[in-house]
Amino acid sequence: MRIPEEVHELEPSMTCTDSPLTLLHRAIELGARFKADETVYQRRGEAGYLRDLLVTDLPDAGTDLWDLLEEFETQILPWCKNEASPRFLGFADTGDDPASLMGEILAILTQQNLINQGFDSPSATFVDVSVLRWLRLMLGYPNPPVHSVTSVWDVGGIVTTGGTTSNTVAMMLARERHSPGTMHTGVAGSGEMVVLVPAGIGHYSVKSALSWIGLGDATVEVPTRSFRYDPPSLTAALTAHRGRIAAVVAYAGDSRTQTVEHLDLVRDLVRRYAPNAWLHADACWGLAAACSPLLSDLLAGIADYDSITVDPHKVLSVPYSISALLVRDPQTLRSISSHSDLIMQEDFAFGQVTPFVGSRPWASLKLWMMMRHHGRGGLARIVQDRITLRDMFVEMIDADERLLRLHEPDLTAVAFVYLPRGIRPGQASAQDVEVTNRVNVAIHDALLDQGRWFLHQFGLPDDEGRLRRGAVVRPLRFLAGNGRVTDRHVREALDAVIALGQSNESG
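Okay, so the sequence shown: first residue is 32 according to the working numbering, each after it adds one.
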C-alpha cells in the first residue's frame, strides 16, 4: 500500500477555525499531496536565490498559523525534492509507507524519550526491543526467550539515527576489543590499530568514524575484484598487518552497486589470519535480502559477524531516519556503556548503551508499524517486486547498444553509462573513458537542471573491465526501490538519458 495518488480536499468547514487539530489535518494533507505528486522538483533554483528568499531576520511580531502554513506551502515546499515521485530513480528513500508514516506521526505526538524506560518511555522501550529482536532473527542472530530479556544488555542491539552512527558505534566496539578500556583511559598508540576496507567502494562513514573515535586515518584499502574484496589481496593485507587489525569491514550491498560481499569467504580468511579482529558487516542495503527467501542466500555467513548495521529507511520506505546496530554477543555493548545520575540506572534504560545521543525519539515505532502491517510475507513481496523491476531495467539497458551496464546486480541497483559513438566496450582507451565520463556528467547535470528525472551519479572503479579495467567511471545509477515506478517511467527516463547523451556528444 502506498500514499494514494489523490488526497481529498478538507471540508470547507475545516478551514475556518484555528483549532490545532484542524491545522494538523491541513499540514498532513499538504505532506500527503506532496508525496503523491509525480513531480521530483516543482521548481528549481540556484542556492543563492533560495538563500535570499528564505534566510530572513526573525520578525518582532508573530505570524498567524494559517498564514505560516500558507507561507510554507508557497515559499518552501515547491523547492523540496520528492523522492516518492515515480520519476525519482536514484535512491529508495521514499518514506511513503502508510503504516510507517502513521507510526512517525504518533511518535511525534506522544513524545516518548527512550533514554530512560520507567517514567520516560514505559511501553515505547519494549517496541524498540521487539523491533531489534525481529531484525536479529531476520539476519540469523539468535534471541534469548522473551522472559530471559531482563535488561538492555540482553537485547543485542540499539536503534540509532542512521547508518553512519551505527557504523561509528561498531568501530568503537572494535577499538575496545583491540585495546580494552580505551573508553576510560583514552586513545594511546592509535597508530597501532588499522581497519581493513574494500578500496573504491567503501562508505565514507567508516573512515569518518575512525577519526571521530580518536584513531585517525586508520583505514587500509584492500583491492577489489567485481566490487568485492580480492581474496589474495585481502589475505596479503591480513598477513601484513597482523596484530594491528582492529576490524575488517565487509559490505552486504555496497553503497554504489549494492554488490553483496562473499561474506563467508571473508569470515574464513579473517578468522584464520586475524582471529581477534572485529568483523563488521554493513548491511544498510543488504537488509532487503534478509526480507526475501529468494535472496537470503546472498547473506550466507553474516550471522558469524560480530556486528551488523541495517538502515530500514533505505530499503523499507520508512521515513528518515532510522538505523540499527546489531551485535552477535549482546554483552559486548557493555564495553562502550556510559553512566550518569541523569540517566536512571534501571534495567531497560537504553541511554546507558547508545553513544553520542542523549534524549532519543521513538524512531522504532514507524518500523514496528511497517513490519507488523506487512508481516514476513508482505516484506518478501515488496522486495520481490523491486527485483522484478530491476530485471526489467537490466533488459532495457542490455537491449540498447547506446547503453552499457557496469556490473551484475545483486540487489536493486544498476549502474550504467551512455556510450558515445565509436567507443567499444572492454576496449576503451583512457581518452575514451574521459569522453564517456564527460558526456555522462553532462547528462546528470542536465537531468538535475530540468528537475523532471533523477538518477544518481558517483565515481566507480571499473572492476569488471566492461569499459576499461581499472578506470574510474562516472556512471548513472538506477535504483528499483520505489513502488510507484512502472515500466513506462523507466522507458521514458532512458529515452531522456539517450536524448541528452546524443545532444552532448554531438556538442
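All C-beta atoms in this analysis are idealised placements derived from N, C-alpha and C, irrespective of residue type, glycine included.
Reference residue i; option with closest CA among the options
i    : options                : result
L120 : R259, R417, A219, A530 : R417
I146 : D441, R500, G389       : G389
A130 : D91, R522, G496, L347  : L347
T27  : M202, D493, R515, V528 : One cannot answer for residue 27 here, as it falls past the ends of the chain, which runs 32 to 538.
M214 : R365, G496, N468       : R365
G126 : A138, I244, M401, P324 : M401
S50  : F65, A63, W97          : W97
P423 : G490, G457, T517       : For the sequence presented, residue 423 should be read as Met rather than Pro. With distances taken between Cα atoms, M423 lies closest to T517.
G212 : D248, D261, T363, D128 : T363
V384 : D124, L479, G187       : G187
G408 : H520, N198, S323       : S323
D441 : R287, V86, L166, S152  : R287
I529 : I474, I189, I244       : I474
L137 : I333, L326, I244, A394 : A394
I353 : G274, V297, L330, L166 : L166
Q481 : L54, L52, R74          : R74
L450 : E439, A461, L435, L52  : L435
K345 : Q488, Q415, V86, A511  : A511
V190 : L531, T216, A446, F381 : F381
E104 : F65, H272, L89         : F65
F258 : V521, A123, P492       : P492
T196 : A430, A240, V177, G532 : A240
CB contact flag (residue i, residue j, <8 Å)
i    : j    : result
W543 : V162 : Since the first residue shown for the chain is 32 and the last is 538, residue 543 is missing from the structure and cannot be characterised.
G76  : K397 : no
R508 : A444 : yes
D185 : P361 : yes
V280 : V237 : yes
V291 : A321 : no
A314 : I276 : no
N471 : P506 : yes
G30  : G457 : Any answer about residue 30 is impossible in this case: the structure gives the chain only from 32 up to 538.
V228 : A249 : no
E252 : A230 : yes
A308 : M202 : no
D494 : T266 : no
D328 : L310 : no
H520 : P117 : yes
Delimiting residues of the alpha helix (DSSP H) encompassing residue i
i    : result
F65  : 51-67
T270 : 262-271
V349 : Unbroken run through V349: none, as it is neither H nor E.
R302 : 294-304
T156 : 155-170
R206 : 194-209
V472 : 461-481
H370 : Neither: H370 is in no alpha helix (DSSP H) and is coded neither H nor E.
A320 : 318-322
S131 : 129-141
Bridge partners - residue i, DSSP secondary structure assignment
i    : result
V445 : F509
W309 : A278
Y72  : K112
P492 : V503
G188 : L357
H487 : R508
T255 : Y260
I333 : BP columns for I333 are empty, so no partner.
F119 : F485
I339 : A312, L357
A539 : With the chain represented from 32 up to 538, any question about residue 539 goes unanswered, as that position is not in the structure.
T250 : V226
Residue environment, residue i, which counts as buried when at least 16 other CB atoms sit within 10 Å
i    : result
N513 : buried
F387 : exposed
Q143 : buried
D526 : exposed
T181 : exposed
P43  : With a pLDDT of only 40 at P43, under 50, the local geometry of the prediction cannot be trusted, and the value read off the model is given with reservation. Under this definition P43 is an exposed residue.
P35  : Below a pLDDT of 50, predicted positions are generally treated as unreliable, and P35, at 48, falls in that range; the measurement from the model is reported next regardless. The residue in question, P35, is exposed, as its Cβ has fewer than 16 Cβ neighbours within 10 Å.
D342 : buried
G93  : exposed
C111 : exposed
Y172 : buried
P392 : buried
F150 : exposed
A446 : buried
R455 : exposed
First and last residue of the uninterrupted beta strand (DSSP E) at residue i
i    : result
P229 : 225-229
L410 : Segment 395-429 is the alpha helix (DSSP H) holding L410; no beta strand (DSSP E) there.
S537 : No beta strand (DSSP E) contains S537, which is instead part of the alpha helix (DSSP H) from 518-537.
S239 : Counting along the chain, S239 falls outside any beta strand (DSSP E), though it belongs to the alpha helix (DSSP H) covering 235-243.
R436 : 434-436
Min CB distance residue i to chain C below 8 Å
i    : result
P153 : No chain C appears in the structure shown, which is made up of a single protein chain.
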